[in-house]
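Read the structure below first, then the notes.
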Amino acid sequence: MQKHPTTDGPSVSPDQLIDVYCANAVDATPWRVITDEVMGGVSTASLQQGERLGSPCTCLRGRTRLENNGGFVQMKHPVAPDVKTANYTGIFVELAGPAHEYELRVKTSQLDKPWQSFRHTLAVTPAWTRFIVPYSELHPHRTEATLAPESILSVAIVAIGTAFDVDVGVRRLGFYR
């Protein structure tokens, strides 16, 4: 079992991490799957509770396809209103899967169009990696807004842009001080 992930991003001590999701084999997942079918695409995906490298996780599996102007699948996690996101410096997420790039996408109450978000690219590898993403590294997409941390509504892991077999597991998600 790989208990200690490699880290991608700034150094943060474990006591600075605040989980909003930690996978286990018992509880139902709060993650939700969304595909490009919402806009006429033909990509497919599902969420499965499982285990990867000896750790429980929620896995996004499927296939992105580019037909009908498609090309994305995602797993999205809501952020509860009682999580005071403005009190933190950024987001962390632990991921593992076959080597491929995914996007971390953050939605806020500042955004009113489905294509708007704040984004950061994550290079997933077969080993568990803890991605530490400061708010300052979440770049606005198709919006002039500057990220207001207190307005964060959800965090998503997105497979997009190329046709490929999606297989990524998440075991932790949260914020850090």
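Counting in full-length UniProt numbering, the sequence shown runs from 1 upward without gaps.
Beta carbons are placed, not taken as given, at the ideal position from N, Cα and C, and that holds for glycine.
All values reported here derive from a predicted model rather than from experimental measurement.
Can you tell me where the beta strand (DSSP E) holding glycine 62 begins and where it ends?
Locating residue 62 in the sequence shown gives position 62, where the first residue counts as 1. DSSP places glycine 62 in the uninterrupted beta strand (DSSP E) bounded by 55-64.
Length-filtered (4 minimum) alpha helix (DSSP H) runs lying within the stretch 12-93
DSSP runs (the alpha helix (DSSP H)) wholly in the stretch 12-93: none.
As a quick exercise: from Thr64, Pro98 and Val133, pick the residue whose alpha carbon is nearest that of isoleucine 34.
Counting from one through the sequence shown, the residue named residue 34 turns up at place 34. Residue Thr64 holds the alpha-carbon nearest to the alpha-carbon of isoleucine 34 among Thr64, Pro98 and Val133.
Cβ shell of aspartate 167 (< 6 Å), same chain only, five flanking positions each side left out
The count along the sequence shown starts at 1 and reaches residue 167 at position 167. Around aspartate 167: Arg61, Gly97 and Pro98.
Terminal residues of the continuous beta strand (DSSP E) containing tyrosine 176?
As a first step, residue 176 is located in the sequence shown; it is residue number 176 there, counting from the start. Going by DSSP, tyrosine 176 is part of the beta strand (DSSP E) stretching over 164-176.
Output the boundary residues of the beta strand (DSSP E) element that contains histidine 100.
Walking along the sequence shown from the start, residue 100 turns up at place 100. Bounds of the beta strand (DSSP E) holding histidine 100 are 100-108.
Tell me which same chain residues have a C-beta within less than 8 Å of the C-beta of phenylalanine 72, skipping the five on either side of it?
Taking the first residue of the sequence shown as 1, we reach residue 72 at position 72. The beta carbon of phenylalanine 72 sits closer than 8 Å to the beta carbons of Thr35, Asp36, Gly41, Ser43, Thr64, Val158, Ala159, Ile160 and Gly161 from its chain, once the five residues preceding and following it are set aside; these are given in chain order.
The beta strand (DSSP E) enclosing aspartate 8, as first and last residue numbers:
Residue numbering aside, residue 8 sits at position 8 when the sequence shown is read from its first letter. It spans 6-8 - the beta strand (DSSP E) in which aspartate 8 sits, taken as one unbroken run.
For the 8 Å Cβ check, are there 3 or more pairs between the stretch 68-88 and the stretch 136-147?
With a cut-off of 8 Å, the stretch 136-147 and the stretch 68-88 do not count as touching, because too few Cβ pairs lie within range.
Evaluate the contact criterion for the stretch 5-14 versus the stretch 113-133: three or more CB pairs, one atom per stretch, below 8 Å.
Verdict: yes, contact present.
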